[in-house]
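Accompanying notes for the structure given below.
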Amino acid sequence: MYNGLIHLHNFMRWVILLLLVIAIIKAFVGMTANRPFTKGDKQVGLFLMISANLTFLIGLYQWLAGRYGILTTSLPPGTELMKDSFYRFYWIEHPLGMIIAIALISIGRGQSKKNILDIVKHKRSFWFYLIALIVIIATVPWPFREAIGRPWFPGMQIQ
Ligand code: HEM
28 MYNGLIHLHN
38 FMRWVILLLL
48 VIAIIKAFVG
58 MTANRPFTKG
68 DKQVGLFLMI
78 SANLTFLIGL
88 YQWLAGRYGI
98 LTTSLPPGTE
108 LMKDSFYRFY
118 WIEHPLGMII
128 AIALISIGRG
138 QSKKNILDIV
148 KHKRSFWFYL
158 IALIVIIATV
168 PWPFREAIGR
178 PWFPGMQIQ
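Each residue of the sequence shown is one higher than the last, beginning at 28 in my numbering.
Rendered as structure tokens:
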């Protein structure tokens, strides 16, 4: 069951990245071509929010009670949290970065509900989504990252 959750958490990263890229391109085209903010724009934002929140919930469970959960494990003797790149990443950097990214996604999507010009909606969501994308790329445990790297896709082996 826990492996299934890790696989889903791993896979959802790709769903979020894909939806973010689509949302950013749509917002960019919308703001440069001064297009109306459509139902399609709204829907991409909604799916993005749902995916980000699902990934957050799984992550929260892993963080609290997973194989390196803060409630279920303790630091190896003699280890200092901030000096250990593995625990610092999974206990602090990854959750914090992702929570910031999810908050940015929520604010970006919230623009669609505001009583503002469509071009302003596009502009604001563009920037919030773009920064969220950068933060996610920076805090995903990519396979090439030393000590913390994880597979590209669920079930794949790390070389
Ligand atoms: C946009 C949101 C997020 C993305 C894209 C993301 C991405 C990932 C990826 C790709 C992995 C590696 C999975 C694997 O081993 O195959 C991972 C692991 C992990 N993530 Fe996230 N994550 C997100 C949010 C969060 C949040 C909010 C938390 C904590 C509150 C969290 C906690 C963890 C933990 C603890 C692991 C290690 C799990 C384990 O190996 O037992 N993640 N995450």
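The beta-carbon is built from N, C-alpha and C at its ideal position, and this holds for glycine as well.
- With a CB to CB cut of under 6 Å and the five nearest residues on each side skipped, what residues in its chain are close to Tyr156? Translated into positions along the sequence shown, residue 156 becomes position 129. Only Leu47, Ala50, Ile51 and Gly135 meet the Cβ criterion.
- Message: How far does the alpha helix (DSSP H) with Arg151 in it extend, from its first residue to its last?
- Response: Locating residue 151 in the sequence shown gives position 124, where the first residue counts as 1. Element bounds for Arg151: Asp145 to Thr166.
- With C-beta atoms as the reference, is Met76 less than 8 Å away from Ser133? Taking the sequence shown and counting its residues from 1, one reaches residue 76 at position 49. Taking the sequence shown and counting its residues from 1, one reaches residue 133 at position 106. Yes, the Cβ-Cβ distance between Met76 and Ser133 is below 8 Å.
- Uninterrupted alpha helix (DSSP H) stretches inside the region 29-72 (no shorter than 4 residues): 29-59
- Message: Contact defined as beta carbons within less than 8 Å: I believe Ile158 pairs with Leu131. What is the distance between those atoms, to the nearest angstrom?
- Response: Walking along the sequence shown from the start, residue 158 turns up at place 131. Walking along the sequence shown from the start, residue 131 turns up at place 104. Right, the Cβ-Cβ distance comes to about 6 Å (below 8 Å), so this counts as a contact.
- Query: Nearest CA to the CA of Phe180: which residue from Phe38, Asn30 and Tyr29?
  - Reply: Walking along the sequence shown from the start, residue 180 turns up at place 153. Closest option to Phe180, Cα to Cα, is Phe38.
- Message: Suppose the cutoff is 7 Å on Cβ atoms and the five residues either side in sequence are ignored; what does the same chain contact list for His34 look like?
- Response: Numbered from its first residue, the sequence shown carries residue 34 at position 7. Closer than 7 Å at Cβ, skipping near neighbours: Pro181 and Gly182.
- Query: Smallest Cα separation from Lys140: which of Leu45, Trp41, Pro122 and Thr65?
  - Reply: Numbered from its first residue, the sequence shown carries residue 140 at position 113. Considering only alpha carbons, the answer is Thr65.
- Where does the unbroken alpha helix (DSSP H) through Pro122 begin, and where does it stop? On the sequence shown, residue 122 is found 95 positions in, with the first residue counted as 1. Here the alpha helix (DSSP H) through Pro122 covers His121 to Gly137.
- Item | Distance between Ile175 and Lys69 (C-alpha atoms, nearest Å) | Working through the sequence shown from its first residue, we reach residue 69 at position 42. Working through the sequence shown from its first residue, we reach residue 175 at position 148. The alpha-carbon atoms of Lys69 and Ile175 are separated by roughly 35 Å.
- Item | Pairwise C-alpha distance: Arg177 and Pro170 | By 1-based counting over the sequence shown, the position of residue 170 is 143. By 1-based counting over the sequence shown, the position of residue 177 is 150. Looking at the two C-alpha atoms, the distance is approximately 5 Å.
- Message: For Met125, count the other beta carbons within 10 Å of its own beta carbon; 16 or more makes it buried, fewer makes it exposed. Which is it?
- Response: Working through the sequence shown from its first residue, we reach residue 125 at position 98. Flag for Met125 reads buried.
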